[in-house]
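J.: Numbering (this note's numbering), first residue to last: 53 to 396.
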Amino acid sequence: MKLDDAALDRLAPDRRDALLVEWVRRQIAFMRTHVPFWSDRLAKAGVVQEQIQSLADLARIPIFSKEEFRAARPASLIPSLATSSPHVGRWTSGTSGRPTVTFWSRTDWAALVASTARMLARHAPVPAPIAFNSYGQGHLTGPLYGAALRRLGATVYDRSHHPEEFFSTLAQTDLFDFDTLIIPARATRGKSAGLADLLDDDPNLLARHGVRWWIGSSGTFDELTVRLARAQGVESISNLYGSSEFGIFAISCAERPGEFHISQGHVLVEVIDESGHPVPNGGRGRIVVTHLCGLEEDGGARPHAGTQILRLANGDAGTLLTDACECGLTAPRLRDIRRVPVAA
Ligand SMILES: [Zn+2]
53 MKLDDAALDR LAPDRRDALL VEWVRRQIAF MRTHVPFWSD RLAKAGVVQE QIQSLADLAR
113 IPIFSKEEFR AARPASLIPS LATSSPHVGR WTSGTSGRPT VTFWSRTDWA ALVASTARML
173 ARHAPVPAPI AFNSYGQGHL TGPLYGAALR RLGATVYDRS HHPEEFFSTL AQTDLFDFDT
233 LIIPARATRG KSAGLADLLD DDPNLLARHG VRWWIGSSGT FDELTVRLAR AQGVESISNL
293 YGSSEFGIFA ISCAERPGEF HISQGHVLVE VIDESGHPVP NGGRGRIVVT HLCGLEEDGG
353 ARPHAGTQIL RLANGDAGTL LTDACECGLT APRLRDIRRV PVAA
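1. Classify N366: buried if its beta carbon has 16 or more other beta carbons within 10 angstroms, exposed otherwise.
2. Just checking H313 against ligand 1 - is the residue's beta carbon closer than 7 Å to any of the ligand's heavy atoms?
3. If the criterion is Cβ atoms closer than 8 Å, does the pair G335 and L372 meet it?
4. When you compare the CB positions of S145 and P151, do they come within less than 8 Å of one another, or not?
5. Does the segment 351-364 touch the segment 70-86, meaning 3 or more C-beta pairs lie closer than 8 Å?
6. Please list the terminal residues of the continuous alpha helix (DSSP H) segment that includes L94.
7. Taking C-beta to C-beta, are V392 and A369 nearer than 8 Å?
8. When you compare the CB positions of T382 and L63, do they come within less than 8 Å of one another, or not?
9. Can the beta-carbon of S296 be found closer than 8 Å to that of L172?
10. Between the Cα of L362 and those of N333, E322, L247, R158, spot the shortest distance and give me the residue it belongs to.
11. Taking its Cβ as the centre, do 16 or more other Cβ atoms sit within 10 Å of G285, making it buried, or is it exposed?
12. Which stretch, first to last residue, makes up the beta strand (DSSP E) that contains G299?
13. So that I know if they touch, is there some Cβ in chain D lying closer than 8 Å to that of R354?
14. Provide the residue(s) that pair with E322 in DSSP beta bridges, ordered along the chain.
15. Output the boundary residues of the beta strand (DSSP E) element that contains E287.
16. Rounded to a whole number of angstroms, what is the C-alpha to C-alpha distance between F228 and P126?
17. Which whole runs of the beta strand (DSSP E) in the segment 188-259 are 3 residues long or more, in chain order?
18. Taking 8 Å as the threshold (C-beta atoms), are L247 and I235 in contact?
19. Taking buried to mean at least 16 other C-beta atoms within 10 Å of its own C-beta, is P177 buried or exposed?
20. Which of the three DSSP states, helix, strand or coil, is assigned to V100?
21. Indicate the three-state DSSP secondary structure (helix, strand or coil) for R112 in the structure shown.
22. Less than 8 Å between C-beta atoms, sequence neighbours within five positions excluded: which residues of the same chain meet that for G380?
23. Output yes or no for whether 8 Å exceeds the beta carbon distance between R142 and T154.
24. How many angstroms separate the CA atom of I80 from the CA atom of K96?
25. So, helix, strand or coil for V73, using DSSP?
26. Considering Cα atoms alone, identify which of L320, D231, V278 is closest to R260.
27. In the DSSP assignment, what are the bridge partners of G346?
28. Measuring straight from C-alpha to C-alpha, what distance separates A281 and S244?
29. To the nearest angstrom, how far is it from the Cα of D375 to the Cα of H214?
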């Protein structure tokens, strides 16, 4: 099964889980061989890949906390340079402490781009979109959206590096014609601009450009901004979810916009209870993510070769839905994603 194959999101759940178990066993074997940090940690926990017969068996592996991730030197989580070398590196925002960094090898990055493209392809309202990408290139999402859309045959114009007050996003959009706008709903912590801000300043922006697709990731897209976008002719709204340590790994359902279909393969996403076991359908728990696969040039999956992260609690909780979705996908969904309050 290739990571850019749309069938991955329509497989019978037990077939997909069997594939994920195979990949996670291979990843654990890779970590034990190439990364002393993980071979030590897994030895202490008494974990070997042969014990992982089902996704429930992952409960044997202790959760990797953000504090532990932050305490590790970045290079200690990367295999030896003879095995792979960092191709792309991006840092987290650092809202809960010193920023951390993830490095992707060339094949890891290809997997992340292919998986993001796989999610976006389902929503594309036009065959060859022309997009303005208002995300900064210094963070993960800017280059990731650009690469994923280009993989789908889109033309992508990237925003400049200038701060909003010097050269605004609105002024930059005036320089281009586009039918797809990549932008968060609202500016976060003074960074860049959100669609709501642009519409405050220029209420007819989307209709004037003939924008048909809005792509972004900034938590919930508020109802007012969604309504304004729809009223101006936007046909497709794609709200994506992920975290800086992993990139994008879920996208809003076309039928149920408040639910996010998880894209498994380049990562493994679990929702777990207090004991580290997967919650049942409808259950709520912490979101835990593992770097899983890279993508070979021939389309085959190989172990993730950059920063090794096994079962990191990304700081969010969500409700897991595993029943069939009316949109036709079998990929599990997340709903009501919220930050987990940090213990005092
Ligand atoms: Zn759906």
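Where is the CB? At the ideal position from N, CA and C, for every residue including glycine. Predicted model, so just to flag it, every value in this text is computed and none were measured.
T.: Reading it off the structure:
1. Buried is the call here.
2. yes
3. yes
4. yes
5. yes
6. 88-97
7. yes
8. yes
9. no
10. E322
11. exposed
12. 299-304
13. Absence of chain D from the displayed structure is noted, only one protein chain being present.
14. V340
15. Taken as a continuous stretch (DSSP letters only), E287 belongs to no beta strand (DSSP E), as it is neither H nor E.
16. 39 Å
17. 207-210, 232-234
18. yes
19. exposed
20. coil
21. In the structure shown, R112 falls within a helical segment according to DSSP collapsed to helix, strand and coil.
22. R62
23. yes
24. 14 Å
25. Reduced to three states, the DSSP call for V73 is helix.
26. D231
27. R354
28. 19 Å
29. 45 Å
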